[in-house]
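K.L.:
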Amino acid sequence: MDITLIYYLVPSLIMFCCGIYGFLTRKNMIAMLISLELMLNAIDINFVVFNRFLYPGSMEGMFFTLFAIAIAAAETAIAIAIIINIFRADKNINVEDASQMKN
Amino acid sequence: MDYSQFFAMKQEIGLLVVFLLVFLYDTFMPKRALGATGWVAVGLMAIQTLFGFCPSVSQSADAFAGMYETNAITACIKNILNIGTVIVMIQAIRWSKQDMVVIRRGEFYELILLTLFGMYLMISARHFLLFIIGLETASLPVAAMVAFDKHRYESHEAAVKYILTAVFSSVILMMGLSFVYGLTGSLYFSKIAGAIFAEGTISLMLIVAVAFVIGGVGFKLSLVPFHLWTADVYQGAPTPVTSYLSVISKGAGAFAFLVILWQVFGAVYSDAWEWMLYALIILTITIGNLFAMRQKNMKRFLAFSSISQAGYIMLGIIAFRGMGVAALMYYVLVYIFSNLAAFGVIGAIENATGRVSMDDYQGLRKTNPKLAFTMMLAMFSLAGIPPFAGFFSKFFIFTSAISQGSVAIYVLVLIALINTIISLYYYLLVVKAMFISEETPVIPEFKSACSERFAMWICVAGIIGLGIVSCVYNGLLDMVSTAC
Amino acid sequence: MESAGSIIMYWIIALSIVIFSVLTVTTRRILRSATFLLFTLFAAAALYFKLDYEFLGAVQIAVYAGGIVVLFVFSILLTSHPGHKSERLVSHRKWIGVLAALAALVVTGGALISRCGLACASLPEMSNPTMKTIGAAMMGTGSEQYLLPFEAISVLLLACIIGGVVVARKR
Amino acid sequence: MFSNILIYFVVIPLLMLGLLAVSQNMKQIRAVAVTGSLALLGLSVYLLTDYLSLRAAGADAPMLYTDSWSWFAPLNINMAVGVDGISIAMLILSSVILLTGSFASWKINPHPKEFFLWLVLLSTGVFGFFISIDLFTMFMFYEVALIPMYLLIGVWGSGKKNYSAMKLTLMLMGGSAFLMLGLIGIYYNGGHTWNIVEIAQGNLIDPSWQNFLFPMTFVGFGVLGAMFPFHTWSPDGHASAPTAVSMLHAGVLMKLGGYGCFRVAIYLMPQAAEELAWIFLILTGISVVYGAFSACVQTDLKYINAYSSVSHCGLVLFAILMLNTTAMTGAIMQMLSHGLMTALFFALIGMIYGRTHTRDIREMGGLMKIMPCLAVCYVIAGMASLGLPGLSGFVAEMTIFIGSFEHTDTFHRVFTILACCSIVITAVYILRVVGKLLFGPVYDEHHLSLTDATWWERTSTFALIVCVAAIGCFPNFFEELIKFTFSPQIFAVIGMN
Amino acid sequence: MDFTIPLLILAIPLGMFLLLGLAGMKMSHKTAGVLGTLGMGTVLVLSYFTAFQYYFSGNPEFISEAGQRLQSIIFNVDWLAFTPNLVIRLGFLLDPISAMMLIVIPTISFMVHLYSLGYMKGEKGFQRYYAFLSLFSFSMLGLVVATNIFQMYIFWELVGASSYLLIGFFYTLPSAVSASKKAFIVTRFADLGFLVGILILSFYTQTFDFITLTSDPGSVLASTAGATFMGCSVLTLAMVLIFMGGMGKSAMMPLHIWLPDAMEGPTPVSALIHAATMVVAGVYLVARMFPVYLQVPSSLEFVLVIGAITALYAAVVACCQIDIKRVLAFSTISQIAFMMVSLGVARPEIHECLGYMASMFHLFTHAMFKALLFLGAGALIHAVHSNNYTAMGGLRKYMPITHITFLIGCLAIAGIPPFAGFFSKDEILVAVYGYSTFWGIWMSCVAGLTAFYMFRIYYLIFWWNEPDYHHRPHDGEMVMSLPLIILAAVSTVAGFIHFGEFVTWQGHEYQIHMDYVVAGISVAIALVGIFFARFLYLKENDRPRRMADSCRWLWTAANRRFYWDEIYMFITHKIIFNGICRPIAWFDRAVIDGSMNGLAIVTNKASVAIKNLQSGRVQQYVLLYLIGALLLAVITAWCVL
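Residue numbers (this note's numbering), protein chains in the order written: chain C, 125 to 227; chain L, 107 to 590; chain H, 10 to 180; chain G, -17 to 479; chain V, -12 to 628.
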């Protein structure tokens, strides 16, 4: 059996879709962030796998992943800060409740 | 390793210097001197703006092996953003003196400068990694700015919505990029374009990649259907932040969008994304207008209006090879002045009375005629009424689009033109409230701060002058045609 | 043809990625969710190791597992009441989520499969990137070298720090 | 730039704007308005005489006083000016109506300053439109003229003014949306120039494109010309507008529509005009009869006049579409004639309304006894409208009918006869109003205490009556004035006589 | 001939109109009246001079060597050039008929001016009245001297307008207002036909000029040969349509309905406009275009039939009217119809177009005696303050002058020799018998009826029974009586004029010779009519009532003018106003305007309908975001791949 590119990509895509599912259904904002992390990770894996399988001569994908991890960290930091902030204001981090402005 | 390459990034470095000076001033100056932070930041930013007009800045350069590019066009769009930023900063001075904000006002200016830096990168990046970093720099700290008004729950809610959507959009964008990388093996614009061109045929993977990239960048521009965050965020954010988001961020996004679409995916224009663009333009203009019609909150109203304006901006992208770039830049410039005039008035009124509803504007003419007049000019300019600048920018953007000459474009432009009627309707609603309504004015007479008036004067001058003084547009067009 | 060990390795990693991902988004306790995320991240790190990107794997563990997940855990503890469960999902909401996820899967998966030549590539030989080459690329200004993004991301992080301060700072 | 006389048609209103902005009281405002409009009138009369002497001296270019200053050079947009007989006629019309309109709003209230500011801005647009021969500047001035209407009606209007102002603005802007597309299309398919004379002389627009662009521009201007079925802004708009605005709008602004249809749609695209005229002939033919019939049952004076304008302006477009010199000359005369008499009507209606506070003819009667001067003027206006010889309506309509009948086509002739029918229907509704409003017993006792016209009202109406009668008595003058407009070099492509 | 005097003939009334119209308010009644009358007097002198010049000077401009009277254009200025060929000129054409009209119009007009000084004394708007009279005189003179058909049309409209103004002179009376409106609109409708006729004719002949049209009609009309418009020969169509204009002005059936109502105007106005001058414009028009009509015999047939029917109808109706002015109005209609019939039967082969001459002769005499009758009626109305004969009776004692003059008028119209009407009517009957015996008998009957109804009112007014008069009626003052006497004198002697010397077709002299058979028959019939009237109405008795009762329906129908007004009311109100105008106005508001508003409403509805897209829930935003991105990809892929 030959483990080809697609074998690596399928788990990554599943992971991505799990992220989407979680992001769309979870009510807790932190859970949504966790789902986002899943998606980001799936993208990282994509880059790495593409790099490794198709373009082994360069390191572009790997570096993108490297920076993406940093970006993810920054995103998470800001997002968590804001979520905690809203928790302080409202004692609640249910995303359903953050829907006062509409139409 | 040639670190001198950094010197190609004159504007970025200048901006960072401004940032550092503001940071140092805010951190180390005695408390009594901090009242001037705003003006210091404005002054420094003004210098940076002037600096941008130095001829040496607009020289073409290409650094880090093609990862970064600067030329007359990028310098110019950065200058346009600088001008807008200066105005936003002036408008923010009064706001930043509020009790809740005053302790963090230094940070506000710092964040503006840093996000502007991110936009610089977006504009000049010719490599997707740098682009993503610029994009994130331009959008993540904005979430913190949106959450600036701690006493208003809306501000928090807006920040949450913003950050969640922003991160999701960057995920979509990066997913698309991963596909692009998989297809072409590179993240350099030029190499990707080369690979796509070499491949000749078009694949599903490329289409998905393009769609995801458009979706990711469309978030910044709030193109429909990637726009849903816009209204809530604009409404919830403090007014200076809203105005910053609606003009500067949008302008940078528009230009970056243009660069990416044409420089990266230019080869598959007619195959892959021409019709996507048409659909997005029609949707954006129409849906934005339809929502704007009903809005009562002025900021939310302008949010939808800015969505539909983004649709018009997109028309400039179609004619990239013709006059599109100049028309787009001109549109953004005019849009900055018009929209900032409107936000200036909204901010002044909000600061003085805390009112932002259109119903409160009834009879504004009687109590504050100058504000009402400024607002009316802004509305007329946004609606594209001559002799105000908005008319010219709309005309030129349509002209540039039609220069592509296909029948589809005529239909597209016709739809856009018909939409201008709807937009005129809601812009006139504001005018009606201020000038025609005979109800007792809600807003008492007040004197706006001198910073606010200063900013409004600049905007009014721009609205009136930018169109009639043809050298602005002529200069842009000249510059673009020599640079291309 | 790969060795049986490597194939087994692959399956373990793949399955744990899939299973833990699914668990992450389906478990109702938020703290468990964070834990499963950690496992998923570990599995991803393992994948990087398997694909010979040791440095990346290390970074993954250090930053993600070590940093971000901890951040999550702290914030969960900060924001949740004891014994707090995520309430049951309304079922139509769940189905919308599933459908959206499946749609995304079909589109992205379809896109990949459509490029069969690409999707069926087998693992080529590659020399492990050494720290030296990584360092050189990170600090270089040439083609496929990343000094500028490196500097730029520092600005990003700075901006995020200031942003975080702004958000967190009380009066 | 300032050596060209035409530019002063824009400069003077701009100066007026400036002076109005700094004027302090009613006296100064009136002084500025009257002096300025007198200056414009003088200028246009001077232009007329000078033009005629130039023509007599043998100048045979399609446009005289042409000049062009580069504006947006890369797009070939110029501030290009030039006039021919039609433009001059329109300039005179505009300045007369501006002057009389100023008198008619002698006591405008509230905010007289702003009122005159907007009014003058509007006329800036109008004058600019008529002197432009560059499509871009023309369009710009066109829109400049449209938007002040919104505020003028909204702030100083009456009745359901909000609705009417919005409807008017939106519909007219809707027209200009089509127009803008058409103009840009002309630019790209007409040799990348906006200059009307160049395009027309070279007949630069490809015939297949003409078939697309002609309807765009014709409908675009036609909306302002109150072409069926795009006329519905007119009744509501006129009914709600203040006096001077109704005058200016019906008197001048609607002429922008007719003028534009001629100057852009027909002048630049004669082949398409010939090919597609039948569609618009049907529409305008309907306008003519339909407007007249509608006017018969209205009870609001302004509605009657608005529908009558639909009918009369329909005749303008109808005649233009006949594509022959006589009919087009008639169209120009009808534009002038309708402009003057409808302004007269609206002025009088405004004056009557200002006294009785109603415009419903069912609530008035016997005004001849109470305000004989206004009543007599109204009768004269009515007679002009129903085409009494000696007043302007007659010569215009007759020229149109004779010209239209030149067409040998049965289709055209049937429509001409249909249009002729309007003279009877016009008589019906005019006499109905005159009979009800002015004659008969006094309806309302309270009206007995009302006064007759004041001196400024007299000035306003008499000036208009003199103009109406002058056109009606000396129509041959037009031949001289308009002779060169339909120059064979432009209309040769369709073999127009 | 020098153009000064002809020009003055037109300019003086116009100037007087402007003077009295603009400055009248500042003048006293007397000044205005005297000014107007003096002006008209001057015109009278000038036009007599001109007419005499034409008929008697022997100037070669006016009469050829062979004694043929010529058409002569005194002046002709371009007024409006439609095309190089089609030019409206304002000019002055002298020929036999226009010279005749130059006598008739100023004469009657002057009489009316004079008479009105007394009749209208003290009326509000006296100056206005004189201004309008001057305007009318100007327009009517302009009409008759028109050199081209369009000039005629212009003045045609102007006389219509001045008629409108004069009928509505008592503008506070609703009946006067509606009568004036009716008069204008009905004639306007007829003018539409006239206009279309002009359009058609001028297009094919490329000229408006009467002389060009009539001097050699065959060649001018050659271009119309075979040309058809909507299935009709254009020439027939044009001539019938032009005649339609004449029908309107001359109150031929079915366009006659305005004339009886027009009696709401002041009586002198009725005398001038609605009896003597304006209403004969239709006859004048046909006479003017006669050579062209001759080219289309079918159109002359049309003229004949319309005229004959109208004559009978109007005569029958006149027998059953109570209002004396109405009787005179229907009598006018009937007499004008005589003229029309006469023109309709005129053919060169029948007594060298005797009908043409007879028609003009009758026009002339009719103008005189009908003006006389109207002015007499005015004097009566002035005296008893009522239009109805029921308020009169036995007046011969109180108003001798009026009585005598009125009697002369009645005898003249009845056709009793030696009064003027006998001669002219006799010529007409000769012409008609020459054409067709059927129409001859028909017209003879009408002549009998004429005598009957005229003497009916004569007896009812001056004999019958004397009612109670509040004031003793008396003759009018001198200015009112003088015109009566003058006109009576003219009516008595005018028949002896050798009309054939002056007005004939093509200007050749025509010697009138009595056809004693026809003359005898018509006198006999007239006498029968008179004696029948005497039998019924000399003394108060119940014979008239019994006769009316014996065929009540006929009497009622005739009294109600055979319901023409009702039919018109039905058509205009029920069909046009309620059936066309209202639906159109509704359609405009509901459908056209509604669809414009509908666009706005739909936009609004759409705006509300999509508002839930913006639900406020960030997860939905993201869901839509995702769907958007995926759809973008899928649809593009679908289309491209």
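Backbone N, C-alpha and C fix where the C-beta goes; we use that ideal spot for every residue, glycine too.
#1: Does DSSP classify residue 48 of chain V as helix, strand or coil?
#2: Candidates L:575, L:535 and L:177: which alpha carbon is nearest residue 586 of chain L's?
#3: To test your reading of the DSSP string, which unbroken alpha helix (DSSP H) runs of 4 or more residues are found completely within the segment 144 to 185 of chain G?
#4: Residues of chain V with a CB under 9 Å from the CB of residue 148 of chain C: which are they?
#5: For the beta strand (DSSP E) containing residue 60 of chain G, list its first residue and its last residue.
#6: Just to check my reading of the structure: residue 262 of chain V and residue 345 of chain V have Cβ atoms closer than 8 Å, yes? What is that Cβ distance to the nearest angstrom?
#7: Give the secondary structure of residue 337 of chain V by DSSP, where H, G and I count as helix, E and B as strand, and everything else as coil.
#8: For residue 258 of chain L, which residues in chain V fall below 9 Å Cβ to Cβ?
#9: By the 9 Å beta-carbon criterion, what residues does the segment 209 to 226 of chain C contribute toward chain V?
#10: I want to verify the contact list: residues of chain H whose CB lies under 7 Å from the CB of residue 239 of chain L, in sequence order.
#11: Name, going along the chain, the residues of the segment 371 to 395 of chain G whose beta-carbon falls closer than 8 Å to a beta-carbon of chain V.
#12: Strictly under 7 Å for the Cβ-Cβ distance: is residue 617 of chain V near chain H by that measure?
#13: Run through DSSP, which three-state label would residue 221 of chain G get?
#14: At what residues does the alpha helix (DSSP H) containing residue 20 of chain H begin and finish?
#15: Along chain C, which residues have their Cβ under 9 Å away from the Cβ of residue 602 of chain V?
#16: In chain order, which beta strand (DSSP E) runs of at least 3 residues are fully inside the segment 378 to 403 of chain L?
#17: Would you tell me roughly how many angstroms separate the C-alpha atoms of residue 113 of chain V and residue 436 of chain G, rounded to the nearest one?
#18: Of all the options G:414, G:461 and G:378, which has the alpha carbon lying nearest to the alpha carbon of residue 168 of chain V?
#19: Closer than 7 Å by beta-carbon distance: list the chain G residues that pair up with residue 209 of chain V, in chain order.
#20: Pop quiz: residue 301 of chain V and residue 321 of chain V are said to be a contact at Cβ under 8 Å. What is the actual Cβ separation, rounded to whole angstroms?
#21: Can you grab the Cα-Cα spacing for the pair residue 115 of chain G / residue 149 of chain G, in whole Å?
#22: According to DSSP, what are the bridge partners of residue 294 of chain L?
#23: Does the segment 231 to 238 of chain L come close enough to the segment 177 to 188 of chain L that 3 or more CB-CB pairs lie under 8 Å?
#24: Output the boundary residues of the beta strand (DSSP E) element that contains residue 68 of chain V.
#25: Where does residue 588 of chain V land, buried or exposed, given buried means 16+ other C-beta within 10 angstroms?
#26: Let me confirm a value: residue 72 of chain V is counted as buried when at least 16 other C-beta atoms fall within 10 Å, else exposed. Which label applies?
#27: So, using beta-carbon positions, are residue 434 of chain G and residue 353 of chain G closer together than 7 Å?
#28: What do you reckon, are the CB atoms on residue 125 of chain G and residue 158 of chain G nearer than 7 Å?
#29: Suppose contacts are defined by Cβ-Cβ distances below 7 Å. Is residue 603 of chain L in contact with residue 503 of chain L by that definition?
#30: Go to residue 76 of chain V, then tell me how far its alpha helix (DSSP H) extends in each direction, as first and last residue.
#31: So, does the CB of residue 59 of chain H fall closer than 7 Å to a CB anywhere in chain C?
P.N.:
A quick look at the data gives this:
#1: Reduced to three states, the DSSP call for residue 48 of chain V is coil.
#2: Nearest Cα to residue 586 of chain L within the set L:575, L:535 and L:177: L:177.
#3: 178 to 184, all fully within the segment 144 to 185 of chain G.
#4: Within chain V, the residues 606, 607, 609, 610 and 613 have their CB atoms less than 9 Å from the CB of residue 148 of chain C, given in chain order.
#5: Where residue 60 of chain G is concerned, the enclosing beta strand (DSSP E) stretches over 59 to 65.
#6: The beta-carbon separation of residue 262 of chain V and residue 345 of chain V, rounded to 19 Å, does not stay under the 8 Å limit for a contact.
#7: Under the three-state reduction of DSSP, residue 337 of chain V is assigned to coil, being neither helix nor strand.
#8: In chain order: nothing, as chain V lies at least about 16 Å away.
#9: Under the 9 Å Cβ criterion, the segment 209 to 226 of chain C contributes 219, 220, 222, 223, 224, 225 and 226.
#10: Neighbourhood of residue 239 of chain L in chain H, by CB distance below 7 Å: 158, 161, 162 and 165, in chain order.
#11: Listed by position, the residues of the segment 371 to 395 of chain G near chain V (Cβ gap below 8 Å) are 371, 372, 376, 377, 380, 381, 383, 384, 385, 387, 388, 392 and 395.
#12: Cβ-Cβ to chain H under 7 Å: yes for residue 617 of chain V.
#13: Correct three-state label for residue 221 of chain G: helix.
#14: 13 to 35 is the span of the alpha helix (DSSP H), which, as asked, contains residue 20 of chain H.
#15: Going along chain C in sequence order, the residues near residue 602 of chain V (Cβ under 9 Å) are 223, 226 and 227.
#16: None, since the segment 378 to 403 of chain L contains no complete beta strand (DSSP E) of that length.
#17: Looking at the two C-alpha atoms, the distance is approximately 25 Å.
#18: Just measuring C-alpha positions, the residue of G:414, G:461 and G:378 sitting nearest residue 168 of chain V is G:414.
#19: Under the 7 Å cutoff, chain G gives no residues; its nearest Cβ is about 17 Å from residue 209 of chain V.
#20: Their Cβ separation, rounded to whole angstroms, is 4 Å, which keeps residue 301 of chain V and residue 321 of chain V in contact under 8 Å.
#21: In this structure, the CA atom of residue 115 of chain G is about 29 Å from the CA atom of residue 149 of chain G.
#22: Its beta-bridge partners are L:233.
#23: When C-beta atoms of the segment 177 to 188 of chain L are compared with those of the segment 231 to 238 of chain L, fewer than three pairs fall below 8 Å, so the two segments do not count as touching.
#24: Secondary structure note for residue 68 of chain V: its beta strand (DSSP E) is the uninterrupted segment 59 to 68.
#25: Counting the other Cβ atoms within 10 Å of the Cβ of residue 588 of chain V gives fewer than 16, which makes it exposed.
#26: That one is exposed.
#27: At the C-beta level, residue 434 of chain G and residue 353 of chain G come within 7 Å of one another.
#28: In terms of Cβ geometry, residue 125 of chain G and residue 158 of chain G form a close pair [threshold 7 Å].
#29: With chain L running from 107 to 590 in the structure shown, residue 603 of chain L is simply not present.
#30: Following the DSSP letters along the chain, one finds residue 76 of chain V in no alpha helix (DSSP H) but inside the beta strand (DSSP E) bounded by residues 74 to 81.
#31: No Cβ of chain C is located within less than 7 Å of the beta carbon of residue 59 of chain H.
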